[in-house]
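Reading the sequence shown from the start, the letters are residues 1 to 400 in the working numbering.
The C-beta atom is built at its ideal place from N, Cα and C for all residues, glycine as well.
What follows is a set of notes on a single structure, which appears directly below.
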Amino acid sequence: MTTDQGKTGTSVMKVLITGGRAPSALELVRLLAAAGCEVHVAESAKQHLCLKSKAVTRNHSVPSPTYNTAGFLTALEQIIQQEEIDLLVPTCEEIFYVSSGLERLRRLCRVYCAPIEQLRRLHSKWAFIQRAEQLGFLVPMTKLIQSSNELTQQTNGFRTGFVLKPEFSRFAAKVRIIEANECIDALEGNSYPWVAQQRIQGRSICTYSIVHEGKVVAHADYSSDYSLDGGASVYFEPLFHRKSQEWVARFVQEEHFTGQIGFDFIETNEGELYPLECNPRTTSGLHLLASQVEIAQAFIQPERLGNKRLEPAMKSRGMLALPMLIYGFMKLKERTNWTELWIWCRKLLTTRDVCFRLKDTKPYIQQAVVLMDLRKHAQNQQQSIIEASTADIEWNGGPI
1 MTTDQGKTGT SVMKVLITGG RAPSALELVR LLAAAGCEVH VAESAKQHLC LKSKAVTRNH
61 SVPSPTYNTA GFLTALEQII QQEEIDLLVP TCEEIFYVSS GLERLRRLCR VYCAPIEQLR
121 RLHSKWAFIQ RAEQLGFLVP MTKLIQSSNE LTQQTNGFRT GFVLKPEFSR FAAKVRIIEA
181 NECIDALEGN SYPWVAQQRI QGRSICTYSI VHEGKVVAHA DYSSDYSLDG GASVYFEPLF
241 HRKSQEWVAR FVQEEHFTGQ IGFDFIETNE GELYPLECNP RTTSGLHLLA SQVEIAQAFI
301 QPERLGNKRL EPAMKSRGML ALPMLIYGFM KLKERTNWTE LWIWCRKLLT TRDVCFRLKD
361 TKPYIQQAVV LMDLRKHAQN QQQSIIEAST ADIEWNGGPI
């Protein structure tokens with residue numbers, strides 16, 4: 001059991017965060033630092049959001065977990081030993097590589113993530129739906145496509161259109177919406193497996209939870225009304241959605257899950273809730289819990305919260321200002337109705353940017369540096385910016 005004292009015998013808990021590129025990782029770093037922790041960040045990206053934050057005691061450069069897994073794990077071991085780290089919290093897709101080395105890392109400190117077998121089952125857009133159906137949840141019809149020969153065969157049963165996506169993907173990358181009776185050409189790069197999923201009309205709902213031994217200790221849910229090209233949300237406002245809360249609580253209890261986890265749902269006009277996919281890592285929902293003074297406790301000593309479940313404050317809201325601004329300009333070009341634009345404008349002007357803090361302004365400015373670095377890398381590798389942002393940490397289900 002983790003105690004209030006770190007390895008050095010002092011009252012300072014030393015925490016190592018991996019994946020410092022994400023706004024949600026920056027949020028976590030600030031929350032832990034505000035709770036009195038000494039926070040270190042390990043990142044393979046040269047430029048990242050946490051690089052200039054006052055909340056970080058020290059930034060550590062590590063090899064890419066995707067391209068040099070052995071070097072990545074060795075570097076983490078060295079940091080943990082040299083800095084006398086008490087707790088390691090992965091935040092982005094490097095979590096899968098951390099989990100692959102769970103046994104060796106746990107000898108050195110507490111590691112806040114689930115075993116790799118469980119993470120794979122949840123990360124797979126096919127296996128997750130199979131698991132949810134096995135547990136008795138209502139699920140969309142979902143087919144696994146493992147070769148070009150199966151493409152037409154497996155999608156014949158969808159009469160109202162469907163969604164095609166790689167079995168392992170993120171931020172809605174490469175997602176294709178196929179209308180009814182639409183002909184399907186070859187999938188991108190002929191890379192398989194892919195998943196074909198029933199297209200369900202309704203409201204998108206996203207959730208984020210911190211879970212300890214199958215029990216939800218913190219939870220937030222929010223709609224996905226504002227996003228760029230159907231990807232990750234850029235505006236966050238809590239819904240306090242009872243059905244999704246109950247769904248998540250039951251699922252993680254059945255999984256006896258420990259860690260951070262997010263789900264994407266569709267709620268139909270009839271109130272039926274369909275799970276679409278699972279993200280067993282930090283997601284943007286963490287921003288909605290930032291006002292909770294006990295949120296750091298959910299990571300450090302969740303057992304101390306007892307039966308308490310942390311939720312967002314009633315007026316908690318957040319956004320990524322630059323993507324939110326781009327969203328509005330895109331809608332303006334599309335000549336979206338003025339009522340929708342007025343609602344967007346009001347939210348843009350009255351919502352806090354999740355990266356900006358008056359006492360820690362450099363990460364906000366660092367966003368521009370990160371974006372320029374990503375654009376350069378994307379051009380060199382002939383990738384989209386979204387693909388470039390995760391290429392060195394993503395895991396697509398292969399052997400580690």
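Spatially closest choice to residue i from the options, by CA coordinates
i    : options                : result
L320 : I365, C278, R170       : I365
L371 : G328, A127, I385, V15  : I385
E255 : L105, R58, Q134        : Q134
D360 : T18, A22, L49          : L49
L273 : V217, L138, L26, R106  : L138
A45  : A180, L374, S169, W395 : L374
M314 : A55, A298, L289, Q47   : L289
G259 : T66, R131, S124, I210  : I210
S148 : E117, V111, P193       : P193
E267 : V12, N396, V111, I200  : I200
Y97  : L310, D86, L87, Y67    : Y67
T142 : V195, I116, E182       : V195
E237 : V354, A298, T91        : V354
L31  : K308, A378, E334, H287 : H287
A35  : N307, K14, E394        : K14
R170 : G398, G318, A391, E294 : A391
Q301 : R58, L276, V111, G161  : V111
F299 : E83, R21, T91, K54     : T91
P23  : T339, C278, S233       : S233
I95  : E38, A33, P115         : P115
E38  : E84, Q47, R352, A75    : E84
K174 : C109, S389, L187       : L187
I145 : Q130, R131, T160, K165 : K165
Limits of the unbroken alpha helix (DSSP H) element including residue i
i    : result
Q379 : 362 to 381
K331 : 321 to 333
P23  : 23 to 34
F96  : 95 to 100
S389 : 385 to 390
W409 : Residue 409 is absent from the structure shown; the chain starts at 1 and stops at 400.
L151 : 148 to 155
F162 : No alpha helix (DSSP H) holds F162; the beta strand (DSSP E) holding it covers 162 to 166.
E255 : 242 to 255
I177 : Where I177 is concerned, there is no enclosing alpha helix (DSSP H), although the beta strand (DSSP E) it sits in stretches over 176 to 178.
Q297 : 295 to 300
Residue burial classification, residue i (beta-carbon count within 10 angstroms, cutoff 16)
i    : result
A42  : buried
T3   : Caution applies to T3, whose pLDDT of 36 falls short of 50 and renders its modelled position unreliable; the model cannot decide the point.
W342 : exposed
R282 : For clarity, residue 282 is Thr in the given sequence; the question names Arg instead. T282 comes out buried.
A70  : exposed
G19  : buried
M1   : Low local confidence applies: a pLDDT of 29 at M1 is under 50, so the model's placement there is unreliable, and no value is given.
C345 : exposed
D229 : exposed
S191 : exposed
I326 : exposed
N307 : exposed
E117 : exposed
E93  : buried
N279 : buried
R242 : exposed
E303 : exposed
F128 : buried
K125 : buried
G285 : buried
V293 : exposed
Q154 : buried
T207 : buried
Extent of the continuous beta strand (DSSP E) run through residue i
i    : result
H287 : Neither: H287 is in no beta strand (DSSP E) and is coded neither H nor E.
G259 : 259 to 267
I85  : Premise fails: I85 is in no beta strand (DSSP E) and is neither H nor E.
I210 : 203 to 212
R58  : 56 to 61
I48  : The identity of residue 48 in the sequence shown is His, whereas the question assumes Ile. Element bounds for H48: n/a, residue is neither H nor E.
L273 : 273 to 279
L16  : 14 to 18
Presumed contact (8 Å Cβ cut-off) between residue i and residue j, rounded CB distance
i    : j    : result
I184 : T152 : 7 Å
F168 : N337 : Not a contact, Cβ separation roughly 38 Å.
V29  : V56  : 6 Å
M324 : L358 : That pair is no contact at about 20 Å.
P363 : L16  : That belief does not hold up - the Cβ atoms of P363 and L16 are roughly 18 Å apart, past 8 Å.
F158 : Q198 : 6 Å
Chain D within 9 Å of residue i, Cβ atoms only
i   : result
G36 : No chain D is present in this structure, which holds just one protein chain.
Give a yes or no on contact between the stretch 67 to 80 and the stretch 221 to 238, applying the rule of three or more CB pairs nearer than 8 Å. no
Check whether the stretch 327 to 343 and the stretch 51 to 68 are in contact - that is, three or more C-beta pairs closer than 8 Å. no
Assess, as a yes-or-no matter, whether the stretch 214 to 222 is touched by the stretch 95 to 111 under the definition of 3 or more beta carbon pairs within less than 8 Å. no
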